[in-house]
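This report concerns only the one structure given below.
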Amino acid sequence: MKQDEVVSEFTNKLLNVMDRVEYRRIVNAEDMEDVARLRHKAYTRHDVLKVDGDMLIDDADFDPHAYVFGVYYEEALVSTVRIHHVTPANRINSSGSIFPDVVNSMLDAGLTLIDPARLAADPDVFDDIAGFPYLSQRIVTMASDYFGVDKCLQLIKLQHSAFYRRVFYSKQIVEPVSNCGTYDFDVTLLAADVPVVLPKIYKRYPFFRSQPFERRMMFGPPQEMGTLPLTVLPTARYLAAA
388 MKQDEVVSEF TNKLLNVMDR VEYRRIVNAE DMEDVARLRH KAYTRHDVLK VDGDMLIDDA
448 DFDPHAYVFG VYYEEALVST VRIHHVTPAN RINSSGSIFP DVVNSMLDAG LTLIDPARLA
508 ADPDVFDDIA GFPYLSQRIV TMASDYFGVD KCLQLIKLQH SAFYRRVFYS KQIVEPVSNC
568 GTYDFDVTLL AADVPVVLPK IYKRYPFFRS QPFERRMMFG PPQEMGTLPL TVLPTARYLA
628 AA
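When you read off a place in the sequence shown, starting at 1, and then add 387, the result is the number in our numbering.
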């Protein structure tokens, strides 16, 4: 089977999965506790972070330029990600805590960034859902598109860099470091040039595409929307059909 046929078959499978997926911006305490429990479960199972206690919530979860999302599959929380919209005027982000010189140099040059953080997936269902890692990554592409940023960062395990290079055309911008901060593994930082790579990503992986109203429901400020939607349904299938 040719590579394009493999990608097309995978896209169809993931679109079918997404028919049973909902996204929810986490704003109330009960949902945040569910997210914290999922983070704790995922991080302790895989020894990702040095975790204290049963909960894992920090001040950055409540930053006005941070967006915490839950991914729900058949109404069950299966993964979560926190999105930081980082600008020269709003510099709170996770990548900068490990690589401050690199991130600050970008911001000093006037660049705007999306910095995903606190990505966690339920290890008990990871192997049962086709294309599971892409469900949260789609939120990252939507954020990059909605905010029109220059770069999307990926603070990741060194061994995961091949995935981000292949799917997001990302490039490693720092040398890996070991056992830094709360991380117990080799960490590196990648960056994708959003205006250049986003059209390529959409063409190759149509399930990352979204309609403008979906992105607005995900990231729009409450004062413009009146009230935040309880859940947001992915619109990639409608675009694929069109």
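Idealized CB from N, CA, C, for every residue including glycine.
Query, Result
"Tell me the DSSP bridge mates of residue 579?", "539"
"Please classify residue 420: does DSSP put it in a helix, a strand, or coil?", "helix"
"Can you give me the C-alpha to C-alpha distance between residue 553 and residue 603, rounded to a whole angstrom?", "28 Å"
"Which residues mark the beginning and the end of the alpha helix (DSSP H) in which residue 457 is found?", "Premise fails: residue 457 lies in the beta strand (DSSP E), 453 to 460, not in any alpha helix (DSSP H)."
"How long is the line joining the alpha carbons of residue 429 and residue 505, rounded to whole angstroms?", "10 Å"
"With DSSP collapsed to three states, give me the class of residue 471.", "strand"
"Mind reading off the beta-carbon distance from residue 427 to residue 443? Whole number of angstroms is fine, and I expect it under 8 Å.", "5 Å"
"Quick check on the DSSP output: the alpha helix (DSSP H) that includes residue 485 runs from which residue to which?", "482 to 485"
"Return the CA-CA distance between residue 421 and residue 574, expressed in angstroms with no decimal places.", "27 Å"
"Apart from the five residues just before and just after residue 561, which ones in its own chain have a Cβ nearer than 7 Å to its Cβ?", "486, 489, 575, 576"
"State yes or no: is the C-beta of residue 633 within less than 8 Å of the C-beta of residue 540?", "The requested residue 633 does not occur in the structure, where the chain is confined to residues 388 to 629."
"CB residue 472 to CB residue 534, shorter than 8 Å?", "yes"
"Give the straight-line distance between the Cα atoms of residue 606 and residue 503, rounded to the nearest whole angstrom.", "14 Å"
"What's the call for residue 407, buried or exposed, on a 16-neighbour Cβ count within 10 Å?", "exposed"
"Mapping DSSP to helix, strand and coil, what is residue 403?", "helix"
"Is it buried or exposed, residue 414, if we count other Cβ atoms within 10 angstroms and call 16 or more buried?", "exposed"
"Where does residue 546 land, buried or exposed, given buried means 16+ other C-beta within 10 angstroms?", "exposed"
"For residue 432, does the count of other Cβ atoms within 10 angstroms reach 16, so buried, or fall short, so exposed?", "exposed"
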